[in-house]
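**Q** Structure in structure tokens, see below.
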Ligand SMILES: NC(=O)c1ccc[n+]([C@@H]2O[C@H](COP(=O)([O-])OP(=O)(O)OC[C@H]3O[C@@H](n4cnc5c(N)ncnc54)[C@H](OP(=O)(O)O)[C@@H]3O)[C@@H](O)[C@H]2O)c1
């Protein structure tokens, strides 16, 4: 069997200071990957430094980089940092995201623009830049949401702004034929992180839990190994959105 490893591979991770992105960085580090730990908010800097320290402890290498990925120039700078620090880029994982849960009648123009800036525009230009910079055999993974397979209200602007990424992924995976680069999305179920709770009530948390096979939320530990698989032995998976949610939604 051929060996697919992240040893000495350079992985740019958008939104890697905490929660899912941080755990993905640590999973990659176990193989000896070199990671660009991206963070956005000033308040995430300490956590980004902690993630970088954890990556080094686990046998990888890391640099941290701050940027607002809704600005294309800052996406380009993120990849410049990777090349400056490690000489190349092999993989890009983008976990950047933002949620609003409310009826359409209450959604403001500002909220709409912000959601599409983070969930759509940043996702697009992270993929575009990765496509320009990745080495032969590279991998691109974007985190979307299991709500893409849900028939539900209240997430119109969140799920709606994640939904175009599926089409970006199909298109880019085709365009990259010949360079052996796979492009995929991972769609977690409602995940037990600080991202999830502010938008939900006790009742809705209970409902989300009751919708999976073990009566619990998705954990970051359920998702990070799947992302690593797509970066390694899952290399043949291409152009797909992989739902990982204990059966919460399916299609
Ligand atoms: N938790 C859930 O229920 C759930 C379920 C399904 C899918 N997801 C998706 O999974 C991904 C990771 O979520 P998580 O639960 O691990 O929460 P998280 O740690 O809060 O991840 C969101 C990330 O997006 C970054 N971000 C926000 N605005 C940005 C911007 N303008 N530029 C660059 N980065 C920006 C945040 O960085 P800063 O904090 O530094 O600003 C943060 O690292 C998200 O894409 C989310 O949509 C989450």
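Residue numbers (my numbering): 905 to 1155.
For glycine and all other residues, C-beta sits at the position ideal for the given N, C-alpha and C.
Check the DSSP bridge columns for residue 1088 and list the partner residues they point to.
**A** Answer is 1045, bridged to residue 1088.
**Q** Going along the chain, which unbroken runs of the beta strand (DSSP E) with 3 or more residues stay wholly within the segment 1067-1113?
**A** 1086-1092
**Q** What do you get for residue 1012, buried or exposed, if any count of 16 or more other CB atoms within 10 angstroms of its CB means buried?
**A** exposed
**Q** If contact is defined by three or more beta carbon pairs under 8 Å, each pair taking one atom from either stretch, is the segment 942-956 in contact with the segment 1071-1079?
**A** no
**Q** Once you ignore the five residues that flank residue 969 on each side, which residues in its own chain have a CB closer than 6 Å to its CB?
**A** 940, 942, 982, 985
**Q** Does the beta-carbon of residue 1110 have 16 or more other beta-carbons within 10 angstroms, so that it is buried, or is it exposed?
**A** Classification of residue 1110: exposed, given that the 10 Å Cβ count is below 16.
**Q** Roughly how many whole angstroms lie between the Cα atoms of residue 1007 and residue 1046?
**A** 26 Å
**Q** To which residues does DSSP link residue 996 through a beta bridge?
**A** 916, 1044
**Q** Would you call the segment 1086-1097 in contact with the segment 1145-1154, where contact means no fewer than 3 C-beta pairs closer than 8 Å?
**A** yes
**Q** Any heavy atom of ligand 1 within a distance shorter than 7 Å of the CB on residue 943?
**A** yes
**Q** At 3 residues or longer, and completely inside the segment 940-978: list those beta strand (DSSP E) runs for me, N to C.
**A** 965-970
**Q** Output needed for residue 1070: all residues of its chain with C-beta closer than 8 Å, excluding positions within five of it in sequence on either side, in chain order.
**A** 1048, 1052, 1089, 1145
**Q** Can the beta-carbon of residue 1002 be found closer than 8 Å to that of residue 1023?
**A** yes
**Q** Given the structure, does residue 1002 come close to ligand 1, in the sense that its CB is under 7 Å from one of the ligand's heavy atoms?
**A** Under cutoff, so the answer is yes.
**Q** Tell me which residue opens and which closes the alpha helix (DSSP H) that residue 1131 is part of.
**A** Secondary structure note for residue 1131: its alpha helix (DSSP H) is the uninterrupted segment 1124-1135.
**Q** Starting from residue 1034, trace the beta strand (DSSP E) both ways and give me its first and last residue.
**A** First-last for residue 1034: 1027-1037, but that is the alpha helix (DSSP H), not the beta strand (DSSP E).
**Q** Could you give the residue range of the beta strand (DSSP E) that holds residue 1147?
**A** 1145-1148
**Q** I'd like to confirm the pairing. Which residues does DSSP put opposite residue 938 in its beta bridges?
**A** 914, 965
**Q** Compare the beta carbon distance of residue 1000 and residue 973 with 8 Å and say whether it is the shorter of the two.
**A** Judged by their CB atoms, residue 1000 and residue 973 are nearer to each other than the 8 Å cut-off.
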